[in-house]
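Protein chains: 2
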Amino acid sequence: MRPMNEKQPFVYELHAQDGAARRGVFTTPHGPIAMPAFAPVGTQATVKTLTPDELHSLDVDIILSNTYHLHLRPGEDIIAELGGLHQFMAWDGPILTDSGGFQVFSLAHKRSLDEDGITFRSHIDGSRHRFTPEAVIRIEELLGADIIMPLDICPTPDNRREVERAVELTNAWAVRAKQAHSRADQALFGIVQGGIFPDLRRQAAEFLTALDFPGYAIGGLSVGETKEEMYATLSAVVPLLPADKPRYLMGVGTPEDILEAVARGVDLFDCVLPTRVARNGGLLTREGRINIRNARFARDPNPIEPGCTCYTCQRFSRAYLRHLFKAGEILGLRLATIHNIHFMEQLMKDIRTAIQEGRFYQFKDEFLSRYRISDQEARHKNKLAYRQRRGLQVR
Amino acid sequence: MRPMNEKQPFVYELHAQDGAARRGVFTTPHGPIAMPAFAPVGTQATVKTLTPDELHSLDVDIILSNTYHLHLRPGEDIIAELGGLHQFMAWDGPILTDSGGFQVFSLAHKRSLDEDGITFRSHIDGSRHRFTPEAVIRIEELLGADIIMPLDICPTPDNRREVERAVELTNAWAVRAKQAHSRADQALFGIVQGGIFPDLRRQAAEFLTALDFPGYAIGGLSVGETKEEMYATLSAVVPLLPADKPRYLMGVGTPEDILEAVARGVDLFDCVLPTRVARNGGLLTREGRINIRNARFARDPNPIEPGCTCYTCQRFSRAYLRHLFKAGEILGLRLATIHNIHFMEQLMKDIRTAIQEGRFYQFKDEFLSRYRISDQEARHKNKLAYRQRRGLQVR
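First to last, the protein sequences are chains G and B. Per numbering that gives the first Met the number 0, numbering through the first sequence is continuous, rising by one, with the last residue being 394. Per numbering that gives the first Met the number 0, numbering through the second sequence is continuous, rising by one, with the last residue being 394.
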């Protein structure tokens with residue numbers, strides 16, 4: 000690890016570019032992040048089923064954790080008392096914490112939004128809480144992640160009135176968050192909202208870049224719009240962001256979405272997909288996703304993916320994994336998670352190498368010609384369910 | 000690993016003796032077992048939550064797996080097709096499979112016992128199965144464990160009529176199992192039943208030792224009798240077993256029971272206790288068992304047991320473990336399991352060293368003076384529930 004510049008701990012160094020796709024490194028107080036990067040999600044201060052040492056051995060550079068969940072349980076004060084999130088969970092690499100805004104709308108009860116913040120009840124015990132831009136920064140400073148997000152509003156992407164209001168509030172709250180933020184060892188990113196409307200995205204991007212954040216997140220995508228709308232929005236918004244700062248596409252995603260976003264200049268991703276589908280028996284392969292519970296694997300002596308170098312594939316057969324899932328054994332969840340995170344990190348490594356060698360678009364085409372995109376229908380259903388659950392009410 | 004004697008793969012070498020307590024090594028085709036030994040239980044071809052590599056790094060010499068469970072799911076034919084249990088689960092150390100008789104009585108439905116075997120329905124799908132001494136040996140030969148058990152009957156320990164019948168059947172079935180068994184790379188042990196009745200234990204021990212098994216199990220203990228009855232039974236039965244063969248106390252146990260049994264000459268143990276209580280947040284320490292869910296650990300920065308060298312204690316605080324349990328995170332189950340197996344293996348190591356150095360009884364007294372024996376009441380309730388569940392009917 001290179002010695003950190005104490006005055007400027009967060010620097011994005013561009014190493015190579017291939018069209019809009021960028022390979023670079025973002026330095027943080029807990030080490031560099033090779034970009035484009037994928038951050039596995041550790042909602043409750045643990046990437047589900049894995050130890051920090053396993054994350055390191057899977058070449059994970061950065062993980063994401065959730066402000067909403069950690070605020071409710073165990074509470075930011077306890078984590079601060081135990082030395083902060085890194086020490087609490089024994090992960091010494093970079094961490095990013097989200098703002099909790101998304102979870103308030105997808106999980107919390109009786110939420111109500113006003114100019115100043117959001118009031119809600121915990122989905123765990125019904126207790127009453129209030130998130131303001133300042134309160135969220137206070138929580139995130141106590142948690143102590145390397146990259147932190149300001150409170151934002153993620154609207155229904157094609158409801159113009161709702162999106163206008165979300166951009167207005169998110170922009171205003173970004174100013175307040177920046178003022179409230181005091182830890183120099185944390186990078187507070189700006190979040191560009193704007194749904195699928197190019198003019199609103201531009202308005203948000205121009206407002207936020209004028210505030211000079213050390214990095215920019217693109218929020219409000221992969222939440223109900225079509226893939227085409229998401230890609231078009233990325234094509235419109237990424238060129239508006241400064242080239243010397245990392246661009247983070249929140250909550251994305253699938254291998255195909257990551258490839259399309261990298262092709263448009265995105266540097267950082269996070270998503271529950273590889274870990275969540277793993278726990279349902281969904282395993283990522285170069286040909287697409289398979290479900291290991293399928294009866295056709297009952298006597299299959301092969302690894303999940305022949306040639307895969309992950310621990311699971313080096314050691315265990317599909318037949319054994321299927322048995323573990325059918326028998327409800329926790330080891331199955333672990334081994335599937337290891338394979339899927341390895342798959343994602345390998346994909347990011349391949350992407351970085353391809354950019355370096357000036358053949359990213361060829362790599363992308365080859366990958367996508369082989370990879371069967373799965374569950375379009377299930378994906379659509381999930382998104383609709385999310386919209387209904389959210390019931391975003393803007394006063 | 001020493002080169003195996005192909006003609007005599009199973010040899011018990013006595014290395015030291017301290018009173019009745021013995022330190023020795025039992026050789027198997029998959030490596031030597033340092034005794035006294037504790038075998039963690041891997042019911043469904045996995046020691047719950049752990050990988051085989053973790054078991055090795057915890058210095059586990061031998062694991063137990065369950066014939067009843069593996070027969071029902073995935074089935075012995077599939078396991079044989081995948082190369083046997085060792086290859087199936089990727090564990091290259093010694094394995095012991097039980098006979099399944101105990102699970103038939105504690106788990107299966109509509110069981111009926113006759114001279115020739117037991118008919119029952121699967122607790123998973125209601126399918127009909129029949130275990131005879133020969134059928135069980137066939138299953139165990141397909142699984143391919145190093146040490147295998149013949150079908151036996153585990154009676155209510157203080158019901159003389161039931162115990163008499165159990166000894167009679169178990170002895171007769173031992174003869175049939177021995178005749179049916181053909182794999183020279185497996186050691187078929189004899190199982191001594193007899194409840195708490197010294198004369199019936201003697202009858203069983205004399206009958207079985209005459210058959211010259213490569214090892215002897217003591218069955219039907221820790222199933223409802225008092226601790227005093229168990230220890231008295233061990234004092235009566237162990238001296239009847241040959242000194243040049245290992246003695247295996249089935250389904251035991253707690254640290255205190257293991258110490259008392261070693262003091263009476265027992266060499267091998269298995270029990271779900273350390274792994275099962277771990278998954279409920281019960282952690283073994285030199286002072287006794289603690290429950291990590293307790294509110295007093297919410298801000299506790301210490302490891303489970305200061306000075307413990309296990310991975311969990313080297314890396315994580317009680318506060319973090321409590322958080323994982325309260326949040327329902329799988330990593331908590333893993334870390335607790337690692338600690339408890341480490342505790343048991345460390346106890347066995349300490350026992351072996353103490354025997355070697357001629358201070359076993361001093362070690363035992365010191366350990367027990369510090370270790371608070373827990374859950375006597377819970378233990379009693381569990382045993383009563385077991386008796387009721389079994390409803391053993393001997394025709």
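Where a beta carbon is used, it is the ideal one built from N, C-alpha and C, also for glycine.
Distance, ILE146 (chain G) Cα to ARG394 (chain G) Cα: Stepping through the first sequence from its first residue, residue 394 (chain G) is reached at position 395. Stepping through the first sequence from its first residue, residue 146 (chain G) is reached at position 147. With a pLDDT of 29 at ARG394 (chain G), under the threshold of 50, the predicted position of this residue should be treated as unreliable, though the coordinate-derived value follows. So the two alpha carbons sit approximately 30 angstroms from each other.
Interface positions of the segment 298–329 of chain B facing chain G (Cβ-Cβ less than 7 angstroms), listed along the chain: ARG298, PRO300, ARG314, PHE315, SER316, ALA318, TYR319, HIS322, LEU323, LYS325, ALA326, GLU328, ILE329
Min CB distance ARG72 (chain G) to chain B below 8 angstroms: Looking up residue 72 (chain G) in the first sequence gives position 73. Yes, ARG72 (chain G) lies at the interface with chain B (some Cβ there is under 8 angstroms from its Cβ).
Pairwise C-alpha distance: GLU53 (chain B) and ASN158 (chain B): The sequence position of residue 158 (chain B) within the second sequence is 159, counting from 1. The sequence position of residue 53 (chain B) within the second sequence is 54, counting from 1. Looking at the two C-alpha atoms, the distance is approximately 42 angstroms.
Cβ neighbour criterion (16 or more within 10 Å) applied to ASN65 (chain B): What you label residue 65 (chain B) is simply residue 66 of the second sequence in a count that begins at 1. With 16 or more Cβ atoms within 10 Å of its Cβ, ASN65 (chain B) is classed as buried.
CB contact check: PHE87 (chain B) to chain G, cutoff 8 angstroms: The residue given as residue 87 (chain B) occupies position 88 in the second sequence. Cβ-Cβ to chain G under 8 angstroms: yes for PHE87 (chain B).
Per-residue DSSP class, three states only, for VAL191 (chain B): On the second sequence, residue 191 (chain B) is found 192 positions in, with the first residue counted as 1. In this structure, VAL191 (chain B) counts as strand in the three-state DSSP scheme.
Residues of the segment 76–106 of chain B with Cβ closer than 7 angstroms to any Cβ of chain G, in chain order: Answer set for the segment 76–106 of chain B: ILE77, GLU80, LEU81, PHE87, MET88, ALA89.
Min CB distance GLN43 (chain B) to chain G below 8 angstroms: By 1-based counting over the second sequence, the position of residue 43 (chain B) is 44. Cβ-Cβ to chain G under 8 angstroms: yes for GLN43 (chain B).
Under 9 angstroms from the C-beta of LYS47 (chain G): neighbouring residues of chain B: Position 48 of the first sequence holds residue 47 (chain G). What LYS47 (chain G) touches in chain B: GLU328, ILE329, LEU330.
Short Cβ contact (8 angstroms threshold) for ILE152 (chain G) with ALA165 (chain G): Position 153 of the first sequence, counted from the start, is the residue given in the question as residue 152 (chain G). Position 166 of the first sequence, counted from the start, is the residue given in the question as residue 165 (chain G). The answer is yes: Cβ separation under 8 angstroms.
Opposing strand residues paired with ALA335 (chain B) [DSSP bridges]: Here residue 335 (chain B) refers to the residue found at position 336 when the second sequence is read from its first residue. In DSSP, ALA335 (chain B) forms no bridge with anything.
C-alpha distance - ARG22 (chain G) paired with ALA318 (chain G), whole-angstrom precision: Counted from its first residue, the first sequence places residue 22 (chain G) at position 23. Counted from its first residue, the first sequence places residue 318 (chain G) at position 319. Cα to Cα, the separation comes out at about 39 angstroms.
Rounded separation between ARG292 (chain B) and LYS325 (chain B) - CA only: As a working note, residue 292 (chain B) is residue 293 in the second sequence. As a working note, residue 325 (chain B) is residue 326 in the second sequence. So the two alpha carbons sit approximately 7 angstroms from each other.
Proximity to HIS338 (chain G) [Cα-Cα], best of G:ALA297, G:CYS312, G:LYS348: Within the first sequence, residue 338 (chain G) is the residue found at index 339, counting from 1. Checking every option, the nearest Cα to that of HIS338 (chain G) belongs to G:CYS312.
Distance, GLY92 (chain B) Cα to PRO31 (chain B) Cα: Here residue 31 (chain B) refers to the residue found at position 32 of the second sequence. Here residue 92 (chain B) refers to the residue found at position 93 of the second sequence. PRO31 (chain B) and GLY92 (chain B): Cα-Cα distance of roughly 9 angstroms.
Beta-ladder partner(s) of GLU328 (chain B), from DSSP: What you label residue 328 (chain B) is simply residue 329 of the second sequence in a count that begins at 1. In DSSP, GLU328 (chain B) forms no bridge with anything.
In DSSP terms, what GLN355 (chain B) is bridged to: For the purposes of this step, residue 355 (chain B) is identified with residue 356 of the second sequence, where counting begins at 1. Residue pairing of GLN355 (chain B) in beta bridges, as defined by DSSP: absent, with no partner found.
Cβ of THR50 (chain B) within 8 angstroms of any chain G Cβ: If you number the second sequence from 1, residue 50 (chain B) lands on position 51. Proximity of THR50 (chain B) to chain G, defined by a Cβ-Cβ separation below 8 angstroms, is satisfied.
Which listed residue (G:GLU80, G:THR232, G:ILE257, G:THR50) has its alpha carbon closest to that of GLY194 (chain G): Position 195 of the first sequence, counted from the start, is the residue given in the question as residue 194 (chain G). Taking only the C-alpha atoms, the option nearest GLY194 (chain G) is G:THR232.
GLN202 (chain B) burial status per 10 Å Cβ neighbour count (16 or more: buried): Along the second sequence, one-based indexing puts residue 202 (chain B) at 203. GLN202 (chain B) should be labelled buried.
Pick from B:ASP243, B:GLY250, B:ARG137 that is closest to GLY223 (chain B), judged by C-alpha positions: Looking up residue 223 (chain B) in the second sequence gives position 224. Here the closest residue by C-alpha is B:GLY250.
Buried or exposed (CB count within 10 angstroms, at least 16 for buried), GLN192 (chain B): One-based indexing of the second sequence puts residue 192 (chain B) at position 193. With 16 or more other Cβ atoms within 10 Å, it is buried.
Residue span of the beta strand (DSSP E) that contains ARG314 (chain G), given as start and end: As a working mapping, residue 314 (chain G) is identified with position 315 in the first sequence. Premise fails: ARG314 (chain G) lies in the alpha helix (DSSP H), 310–314, not in any beta strand (DSSP E).
GLY219 (chain G) burial status per 10 Å Cβ neighbour count (16 or more: buried): Walking along the first sequence from the start, residue 219 (chain G) turns up at place 220. It is buried - the Cβ of GLY219 (chain G) has at least 16 other Cβ atoms within 10 Å.
Pair within 8 angstroms by beta-carbon distance, ARG244 (chain G) and TYR215 (chain G): In the first sequence, counting from the first residue as 1, residue 244 (chain G) sits at position 245. In the first sequence, counting from the first residue as 1, residue 215 (chain G) sits at position 216. Here the sequence assigns Lys to residue 244 (chain G), which means Arg is not the residue at that position. In contact: LYS244 (chain G) and TYR215 (chain G) (Cβ atoms closer than 8 angstroms).
Endpoints, the alpha helix (DSSP H) within which GLY281 (chain G) is located: Looking up residue 281 (chain G) in the first sequence gives position 282. Premise fails: GLY281 (chain G) lies in the beta strand (DSSP E), 281–284, not in any alpha helix (DSSP H).
Alpha-carbon spacing of ARG160 (chain B) relative to ILE340 (chain B), whole angstroms: For the purposes of this step, residue 160 (chain B) is taken as the residue at position 161 of the second sequence. For the purposes of this step, residue 340 (chain B) is taken as the residue at position 341 of the second sequence. Straight-line Cα distance between these residues: approximately 38 angstroms.
Helix, strand or coil at LYS47 (chain B) according to DSSP, with G and I counted as helix: For the purposes of this step, residue 47 (chain B) is taken as the residue at position 48 of the second sequence. It is coil, neither helix nor strand.
Residue range of the beta strand (DSSP E) that includes VAL271 (chain G): Here residue 271 (chain G) corresponds to residue number 272 of the first sequence, with the count starting at 1. Looking at the DSSP string, VAL271 (chain G) is not in any beta strand (DSSP E), and its letter there is neither H nor E.
Bridge-paired residues (DSSP) for PRO39 (chain B): Working through the second sequence from its first residue, we reach residue 39 (chain B) at position 40. DSSP links PRO39 (chain B) through a beta bridge to B:CYS270.
Whether LEU63 (chain G) touches ASP269 (chain G) by CB criterion (8 angstroms): Position 64 of the first sequence holds residue 63 (chain G). Position 270 of the first sequence holds residue 269 (chain G). In this structure, ASP269 (chain G) lies closer than 8 angstroms to LEU63 (chain G) by Cβ.
Given HIS70 (chain B) as reference, the closest of B:ARG182, B:SER121, B:ILE350 once Cα atoms are compared: On the second sequence, residue 70 (chain B) is found 71 positions in, with the first residue counted as 1. Of B:ARG182, B:SER121, B:ILE350, the residue nearest in Cα terms is B:SER121.
Length at least 4, wholly inside the segment 113–199 of chain G: the alpha helix (DSSP H) runs in chain order: Taken in chain order, the whole alpha helix (DSSP H) runs of length 4 or more contained in the segment 113–199 of chain G are 132–142, 159–179.
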